[in-house]
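Written below as structure tokens is the structure these notes are about.
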Amino acid sequence: MPFPWSRMETDLKRELAHHLYELTAEFERRGYSHEEAVRMAKREFGGAEQVKERCRDERRWAWMSGLRQDFTFALRQMRRSPGFAATAVLTLALGIAANVIVFGVLQGLVLRPLDLPHADRVMTLARADQTYPIFTWPEVRDVRDGNTVLSAVAAWTMDSFGLEANGATRPVWGWQVSGQYFEVTGIQPFLGRLLDRADDAHPGASEAAVLSWPAWKSEFNGDPGIVGKTVRINKRPYTIVGVTPEGFYGTEKFMQPSIFVPMANEASLGGGDWLESRQSHKVWSIVRIQDGVTMPQVQTELNTIAARLARQYPKEEEKLSLKLTRPGLMGDFLGAPARAFLAGVLVLAGIVLLAACANLGSLFTARTADRTREIAIRMAIGSSRWRIVRQILVEAFLISILGGACACGLAWTALTGLGNWHLPTEYPMSFHILPQPSLIPVVFLVSVLAGVLFGLVPLRQILKTDPNDAIKSGSQSCAGRRWAVRDLLLAAQIALCCVTVTAAFVSLRGLSRAMTVDTGIQPKHAVLAKFELSTAGYSGTAADRFQRRLLEEVSHLPGVVAAGYANNTPLVNPAPGSPVFSQQTTDFRSSNQAFGAYVFVISPGYFAAAGTPLLAGRDASFTDTEKTPAVAVVNRQFARRLFHSDDAVGRYFKNSSGLSIRIVGVVADGKYLSLSEDPEPAAFRPISQEATAKTSLIVRIRPDSSDAATNDMAATIRKIIRDLDSSIPIRESSPLNTQLGLTFFPSQVATGALGLFGAFGLLLSIAGTFGLASYTVGKRLRELSIRVALGGQARQILSAALGRMVILLGSGSLVGMLLGVAASRLLSAVVYQASAQDPFVLLSVAITMVLTGSLSVAGPVRRALHLDPAKLLREQ
8 MPFPWSRMET DLKRELAHHL YELTAEFERR GYSHEEAVRM AKREFGGAEQ
58 VKERCRDERR WAWMSGLRQD FTFALRQMRR SPGFAATAVL TLALGIAANV
108 IVFGVLQGLV LRPLDLPHAD RVMTLARADQ TYPIFTWPEV RDVRDGNTVL
158 SAVAAWTMDS FGLEANGATR PVWGWQVSGQ YFEVTGIQPF LGRLLDRADD
208 AHPGASEAAV LSWPAWKSEF NGDPGIVGKT VRINKRPYTI VGVTPEGFYG
258 TEKFMQPSIF VPMANEASLG GGDWLESRQS HKVWSIVRIQ DGVTMPQVQT
308 ELNTIAARLA RQYPKEEEKL SLKLTRPGLM GDFLGAPARA FLAGVLVLAG
358 IVLLAACANL GSLFTARTAD RTREIAIRMA IGSSRWRIVR QILVEAFLIS
408 ILGGACACGL AWTALTGLGN WHLPTEYPMS FHILPQPSLI PVVFLVSVLA
458 GVLFGLVPLR QILKTDPNDA IKSGSQSCAG RRWAVRDLLL AAQIALCCVT
508 VTAAFVSLRG LSRAMTVDTG IQPKHAVLAK FELSTAGYSG TAADRFQRRL
558 LEEVSHLPGV VAAGYANNTP LVNPAPGSPV FSQQTTDFRS SNQAFGAYVF
608 VISPGYFAAA GTPLLAGRDA SFTDTEKTPA VAVVNRQFAR RLFHSDDAVG
658 RYFKNSSGLS IRIVGVVADG KYLSLSEDPE PAAFRPISQE ATAKTSLIVR
708 IRPDSSDAAT NDMAATIRKI IRDLDSSIPI RESSPLNTQL GLTFFPSQVA
758 TGALGLFGAF GLLLSIAGTF GLASYTVGKR LRELSIRVAL GGQARQILSA
808 ALGRMVILLG SGSLVGMLLG VAASRLLSAV VYQASAQDPF VLLSVAITMV
858 LTGSLSVAGP VRRALHLDPA KLLREQ
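Letter by letter, the sequence shown follows residues 8 to 883 in the working numbering.
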């Protein structure tokens, strides 16, 4: 079927032929011969092609035909210059892909709501005065029972379980959930049923478990008859009652629990007694708002509940304040740093895209200058300036669309890889990032905006073109031309690229600081083994006996210089905070606490094994028992905050229960939650006074041992534990520096991302500088040849050819370094201890930009210095 304009052209030809026939017949009636009549008719009618053009211009859809011609011409131009087309498309594709990837991560982790029915009604319960939204179960229960605006209120906590199935026990991470948890989510089971209120009515009400879809696939091979089967969890029989639907990963975007069990069974599962305590903050809470209820109504009721609890329990709830936050990121605890990090990276990605557009703008300006004579001829024979501008914009649009298509493929591949990537940690953490179809219009929009941005750059050049002058002079540039748009674009491009290079070196410096910061522990030549004795049925005295026996056997291994264990390990699995009161305190309300401190429970030898220096006093001892006075070792920050002095040995403090604790030692400060935290107080209690089944065993070997010896020791420790009791699921046994990987992960990600941006910025800078330098030398070959023929020196030749380039490189780099220094606050959200004023950073950026400039102009310099004036002038 012919296109509409094909039929229109046929009709137009017939119409013109008819008019010419009528004129010819008129002249024949006047007595002219047929040949003379035809000639007279053509002369009076005018040029057929000009008439056709006027008719076409009158059509309603004439612009479509012109646009089609522009696209055809643009494709022909790209085929004539495949190198230019490929460079432009690839440059734009990389710039757009970087932005789309960052936006995709931002959308997947922060912007996209949880994949739940009516997800806008699901929120996380949080504390208005704290960023960490953790509660006691009685607090959540009081909110559940005392409100009229929430249709369901649930609590959950994460724990490690020993799952015994098919004759083997494996460590799995699961969630203990309250009875309304799945009511809040609103999901339907894939198989069987989900946990409900009856399962969590009271301890032991139900020993039912629900598997996640991935765990059902990986642990039970997708057995369709799994419902009703019995497995053992922490040595206790549980019945599988259901499987969650595919795509449901719990209500946290980073976490992926394998199993869900009733929280009411905490005592039998974990051996804890925190469920009814108002001082054990161990659960998170998620709620569903009733339909038709507004957020102000919910907040009013939460304020009422908090005020009532503060009056009812003044000691524990004096400062309780409640609010709702978006779910999925630990009640937005991780949301703020994630948004800051991704926003910072997105700004840098935007800078890279601007630099790419500046690069393409320079290329388009140079190509337009090369086509000056062609443009002048088109204008001289009647083409409008708008038609020429449209032709340039169509070419830019075509390149931007091709670049966007390539960017979409790159971003799709990268986001798919990120979605399948698992973080370097034992915890069930992964990025649930999947490329969304909604990214395609984003790519298209960014591509079009970029195309318009660099396509409009030659506009001024076209509008100022004088056809007569251009035809006379051709496309030759005169010596000593004024500063052109492409010069300013190159300077801007160098400045933007210098910002990305500065960011890359700042991140590299930040990673170096992170890797060498004093964390209070020495990870090299140390092994960390982690396991939960409660998962194998141990508790109380039995757990204590096993821990001591394991410590005894490990301490006598060849090459071991120290060994000890604790309930938690700084930076790996941090300890919870606990209020500290002065010895004189008698009223233990939260408003009377001196400060909060991390509290660890340790065995003798722990500090030596961890590499934490003991500054004063003594270590914990097994002679410190429940029958002897309570003691603790504290860090220097603890002593200074409480006593304003390092002299703390022999002095006392109290915990929230009013227990008076004597300080028997002081150790060096360390990092406990993150590398970026300020010095925080910490206390270390003897495990013989506060028994726990959670075990983090640290074993230090000789400092002259190799990495292979450290790995061998990790395998030996794993074997010893299994020899003592093969039913204990070992979560991890590996070198300590390996397990600290998650601690350094943000710095490594920042360095990798900013390093890529910096490298791409350098490539753009090299391409732009080389392109303009080559163009400048090429356009001034005749002038340079005359200078050489007249005896010009090499320095004079280089100054004439590339003096302007040196100015552009220097000014652009200087502005870029100043912008990089000004962006330190932005980089601080991305990089650990970011400082663009660091002498190392400034010197590295300066050297890099000098080397980049030298590499960029090396080719044009060589060409300028090896001119043969006789040959060149003869050819021209």
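Beta carbons are placed, not taken as given, at the ideal position from N, Cα and C, and that holds for glycine.
Under 7 Å, Cβ to Cβ, is there at least one residue of chain D near residue i?
i: residue 215; result: Protein chains in the displayed structure number just one, and chain D is not present.
Quickly, what does DSSP pair residue i with across the bridge? List them, please.
i: residue 164; result: 183
i: residue 741; result: 535
i: residue 429; result: 437
i: residue 134; result: 329
i: residue 291; result: 163
i: residue 669; result: 638 and 659
i: residue 553; result: The partner list for residue 553 (beta bridge, DSSP) is empty, contrary to what the question assumes.
i: residue 599; result: Partner(s): none; residue 599 has no beta bridge.
When the Cα atoms are used, what is the spatial distance from residue i to residue j?
i: residue 175; j: residue 167; result: 16 Å
i: residue 884; j: residue 162; result: Since the first and last residues shown for the chain are 8 and 883, residue 884 lies out of range.
i: residue 354; j: residue 511; result: 14 Å
i: residue 859; j: residue 775; result: 11 Å
i: residue 356; j: residue 223; result: 40 Å
i: residue 446; j: residue 766; result: 25 Å
i: residue 678; j: residue 652; result: 20 Å
i: residue 208; j: residue 547; result: 27 Å
i: residue 20; j: residue 88; result: 36 Å
i: residue 464; j: residue 845; result: 37 Å
i: residue 536; j: residue 697; result: 20 Å
i: residue 458; j: residue 827; result: 27 Å
i: residue 558; j: residue 549; result: 14 Å
i: residue 819; j: residue 93; result: 26 Å
i: residue 127; j: residue 118; result: 12 Å
i: residue 631; j: residue 542; result: 27 Å
i: residue 689; j: residue 848; result: 35 Å
i: residue 374; j: residue 515; result: 38 Å
i: residue 358; j: residue 147; result: 46 Å
i: residue 177; j: residue 218; result: 15 Å
i: residue 620; j: residue 682; result: 19 Å
Could you check whether the Cβ of residue i sits closer than 6 Å to any heavy atom belonging to the ligand HEM?
i: residue 771; result: Among the ligands in the structure shown, none appear at all, so the ligand HEM cannot be discussed.
Report the option in the options whose CA atom is closest to the CA atom of residue i.
i: residue 153; options: 312, 562, 230 and 27; result: 312
i: residue 376; options: 421, 427, 853 and 466; result: 466
i: residue 824; options: 856, 814, 838 and 107; result: 856
i: residue 815; options: 848, 827 and 777; result: 777
i: residue 439; options: 822, 122 and 847; result: 122
i: residue 649; options: 627, 657, 602 and 763; result: 602
i: residue 232; options: 240, 244, 249 and 242; result: 249
i: residue 694; options: 627, 665 and 687; result: 627
i: residue 740; options: 267, 274, 753 and 702; result: 702
i: residue 720; options: 666, 552 and 534; result: 534
i: residue 727; options: 586, 659, 753 and 562; result: 562
In three-state terms, what does DSSP make of residue i?
i: residue 188; result: helix
i: residue 561; result: helix
i: residue 680; result: coil
i: residue 393; result: helix
i: residue 638; result: strand
i: residue 37; result: coil
i: residue 485; result: For residue 485, the predicted model reports a pLDDT of 43, less than 50, meaning its position is unreliable and no value from the coordinates is stated.
i: residue 623; result: strand
i: residue 574; result: coil
i: residue 695; result: coil
i: residue 121; result: coil
i: residue 605; result: strand
i: residue 311; result: helix
i: residue 767; result: helix
i: residue 20; result: helix
i: residue 633; result: coil
i: residue 448; result: helix
Report task. Give, in chain order, every unbroken run of the beta strand (DSSP E) that is at least 3 residues long and sits entirely within the segment 321-392. Result -> 329-332
Requested in this report: Tell me the start and end of each unbroken alpha helix (DSSP H) in the segment 190-255 that is at least 4 residues and wholly inside, in chain order.
Outcome: 220-227
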